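Here the protein sequences line up with chains A and B, keeping their order.
Here our numbering = 1-based position in the first sequence + 1.
Here our numbering = 1-based position in the second sequence + 2.
All C-beta atoms, glycine included, are put in the ideal place defined by N, C-alpha and C.
Keep in mind the model is a prediction, meaning the values are calculated, not measured.
Worksheet: the structure to be examined is printed underneath.
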Amino acid sequence: MGELAGDKHVKYILSVEKKKDSFESVVMEHLRLNGAYWGLTTLDLLGKLDTVDSNEVVSWILQCQHESGGFGGNIGHDPHLLYTLSAVQVLALFDKLDVLDVNKVTDYIRALQNEDGSFSGDIWGEVDTRFSYCAICCLAILKRLDSINVEKAVRYIVSCKTLDGGFGCTPGAESHAGQIFCCVGALAITGSLHHIDKDLLGWWLCERQVKSGGLNGRPEKLADVCYSWWVLSSLIMIDRVHWIDKEKLIKFILDCQDTENGGISDRPNDAVDIFHTYFGVAGLSLLEYPGLKATDPAYALPVDVVNRIFFGRCST
Amino acid sequence: MASSSSSEGEGRRAWVPLASRPEFAGVTPLPQDDGPSPVVAIAYRDDFRETMDYFRSLYSSRELSPRSLLLTSLAISVNPANYTVWHFRRQVLEALGADWTEELGFTEGVAKRNAKNYQLWHHRRWVAEKLGPDAASRELEFTRKIFCLDAKNYHAWSHRQWVLQALGGWEDELDYCAQLLEEDVFNNSAWNQRYFVITKSPSLGGLNAMRDSEVDYAIEAIHANPENESPWRYLRGLYNDENEAWLNDSRVHSACLRVLKAKRNFKFALSTLLDLLGLGFKPNQEIKDAITSLRTSDLGEAGSDSDLANSICSILGLEDPMRANYWTWRKQQASSSS
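Structure follows, in C-alpha cells:
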C-alpha cells in the first residue's frame, strides 16, 4: 500500500492559499471561508497549523462578518449559516473564539430557526438538514445551544428519517450520506442519538463500501473520497465503524492522492482540490492512520481543539 | 457542499468588454478584497474578472436597475455558484417587478450546464413560489427534463418533492416512477420517490392501501435483479414497524427462496431471511435445504434449526467479505437471542 504524502499536501494547501489570482481560486472566492476551514483543518491534522499566520486569517475572517452577526463566504458576501460555521470552526482551530461577540452570532443563528424546528440557511429561506447541523454545531462550540429550541430542532431532524434508517435533506427525501452525517452529527451534539436505529443505519452505511474499497453516498453511485468522511464519521458516531473494511478504504484514499504535487481528488487520477484533500485526510484520521491528529466525528475538528473548547480554559 | 462553475470553452460568443458597453457607463469596477495578503497580478480570464468587478460595484452601491439585472445574468454565467450574485438578482427582480415566467426561462438556461448547483435550485423554487399552483406542471416538466440527463440528481428530486407538496400534480407521479424504474431499475432515487408517492399522495390511499400491490411490484423487481439493493429496502419499508404482517406475508419468504434456488446474487435474500428468523420466523424444510445447499465445504456440517441463522451468517461472511465484521456481529446477535 502507498503512503500518505503529508508534506506534499501541506505544500499544496499553502500554495492554494497564496495563489489568490488563479482561476480556480477566483472561481471559489465566494466560499473562501469554507476553503479556509478545509485547508487549515487539514494542516492542523498534519501538525502544521503553525505554518500559517493566525492573526492574518483571524482579521480576514472578522471582515467577513455581516452586521447581522452572520458570516459571508468572503469579504463583501452575504451572510449564511454555512460560512458562519466555518468561521467559528477556524477561530476554534486558532483558539481565538474570544474575538467573537458571541451574542451577535447567536442572535443571527437563532433567528434562522423556523416554526417546525428546521433551519433556513439564510434570510432567503432555503431549508435543508445541512443547516440544522451548521446551526447546532456552531452554537454548541459557542456554548449557546440553549438559545434555540433544541427539542423542535431534533424533532425536525427525526422527521427526515427515511425508510432505510438514513436521513435526507427534508422529510421524504432520499437517504444521502452527506445529509446523514449532518443529521447524525446534530443528533450526537444534542445528545439525541437514541432516535436512530443504529443497526439499520449502520448496515446501510457499511453497504456504501464498493469493490474498490471506496465509499459512495447512495446505492449504485460512484465512490468518492468525500464519503470517506460523511459515511465514516456517521459510523463512528453510532459505534459501527468496524463494519467496513478499513484497510481497503485506507488504500482507496491513498490512491486518490497526487503524490507528486500534493492534494487529494474525488477518485484516483482525477484533479485534486482542497475539499477532497480535507475529507481524505480527515477520513484517514478517523481510520487512525499514523502521524495524524485524531478528529472529532461530530464537530469535524481535531479532538484537542474540541477538548480545549469544552474542557480547556474558561470562555469569556 | 461545494460546487464549482464549468463555463470554459463551450462555444462562448466573443466577449465585449463591459468598459466598452454604453449601458455600463459611469460604473467604477471594484476588485475583490481578499484581505491583507499581497495579490500577485496573474492574468485570469478577462471576462470573468471584469464581470465580477462590475458586479461588486453595482452590488455595493445597491443599484436595483435593469443594467444590474443584466450584470447578474452575466455574473451567473461566469460563476453560477456565487450565491451573493443570486441574492442581489432577487433584490433587483423584486424592485423592478419581474416577469416570473421569464425568470423561469432564465433558470432553465443556467440549468443546462449547472444542474447540480444549489443556488440555481433555490432560486427556481423562490420563483415558482411566486407563481403558485399554476407553476406545478411546468416545474414537473422541468425536473423531468433534468432527469433525462441525470435521473438521480438529488437537487431535482428535492425540488420535485417540494413541487408536489406545495403546488400539487400528484396524479401521474406513480406512473412516472414506474417509467423511470423501467429505464433503470437500480435508480434508488426513483424507488425513494415511489415510497414518497404511496405514503403522501392525496390521490392514493396511503401506505396501508397500497402495500399489497407494492409488495408484488417490489418482488417482481427483485426477481429481475436480486442483487439490486433498492427493492429489498423498499419491500422492508412497506412493512415498517409492522413485524407481524412482515412475518406473515408468505410472498416475502417465497421470493427469498426463489432467489436462493438460483444460487446467484443471494446476499439480500439471505439477509432478509436472517431478519425474519430474528423476528421468530419458522422456515419450512424447503428453505432450510436451500440455505444448506449454499454452504460451501469450508463451512463443515450443517446443524439444527438454531444453527440456521449461524449458517446464513457464515455464508454471507464468505460471500460478502468486505462486510465480514458485520456478518460476524449478526451471527453473535443471532446466537445470543436463541
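For Ser215(B), not one C-beta of chain A is nearer than 9 Å to its own C-beta.
Annotation: Tyr300(A) is outside any alpha helix (DSSP H) and is labelled neither H nor E by DSSP. Around the Cβ of Ser252(B), a 10 Å sphere holds fewer than 16 other Cβ atoms; the residue is exposed. Contact between Leu182(B) and Ala168(B) does not hold, since their C-beta atoms are separated by about 22 Å, which reaches or exceeds 8 Å. Measuring C-alpha to C-alpha distances from Leu73(B) to each of Asn84(B), Glu65(B), Val80(B), Phe57(B) identifies Phe57(B) as the nearest. Between the alpha carbons of Phe276(A) and Asn189(B) lies a distance of about 27 Å.
Chain-order list of chain A residues neighbouring Asn327(B): Cys207, His243, Trp244, Ile245, Asp246, by C-beta distance under 9 Å. Residue range 7-19 is occupied by the alpha helix (DSSP H) that includes Lys19(A).
In the same chain as Gly71(A), and ignoring 5 residues on each side of it, the C-beta atoms closer than 6 Å to its own belong to Pro80, Thr85, Tyr109, in chain order. Counting other Cβ atoms within 10 Å of its Cβ, Trp231(A) reaches 16 or more and is therefore classed as buried. Between Leu143(A) and Val91(A), the C-beta gap is not smaller than 9 Å, which leaves the two residues out of contact. Taking C-beta atoms as the reference points, Gly186(A) and Cys138(A) count as a pair closer than 9 Å.
Look at Ile149(A) here: in three-state DSSP terms it is coil, with no helix or strand label. Of all residues in the stretch 215-247 of chain B, those with a C-beta nearer than 9 Å to a C-beta of chain A are Asn230, Glu231, Ser232, Arg235, Tyr236, Arg238, Gly239, Leu240, Asn242, reading in chain order. Identification of chain A residues near Ala137(B) by a Cβ-Cβ cut-off of 7 Å yields none; the smallest Cβ-Cβ distance measures about 17 Å. In this structure, Gly166(A) sits near Asp198(A), with a CB-CB distance shorter than 9 Å.
Chain B has no Cβ within less than 9 Å of the Cβ of Cys139(A).
Per the C-alpha coordinates, the member of Asp102(A), Leu223(A), Met29(A), Gly3(A) positioned closest to Arg268(A) is Leu223(A). Nearest C-alpha to Lys154(B) among Glu244(B), Val187(B), Ser59(B): Val187(B). Glu321(B) and Gly48(A) have their C-alpha atoms roughly 41 Å apart. In chain order, Gly263 place their CB closer than 7 Å to the CB of Lys12(A), counting only its own chain and leaving out the 5 sequence neighbours on each side. Of all residues in the stretch 165-196 of chain B, those with a C-beta nearer than 7 Å to a C-beta of chain A are Phe188, Asn190, Ser191, Asn194, reading in chain order.
The beta-carbon separation of Arg126(B) and Leu142(B), rounded to 13 Å, does not stay under the 8 Å limit for a contact. Take Leu15(A), set aside five residues on each side of it, and the residues of its chain with a beta-carbon closer than 7 Å to its own are Thr52, in chain order. Fully enclosed beta strand (DSSP E) runs of no fewer than 3 residues are not present anywhere in the stretch 230-309 of chain A. Taking the C-beta atoms as reference points, Val27(A) is found nearer than 9 Å to Arg51(B). At a cut-off of 9 Å, the C-beta of Asp152(B) has no neighbouring C-beta in chain A.
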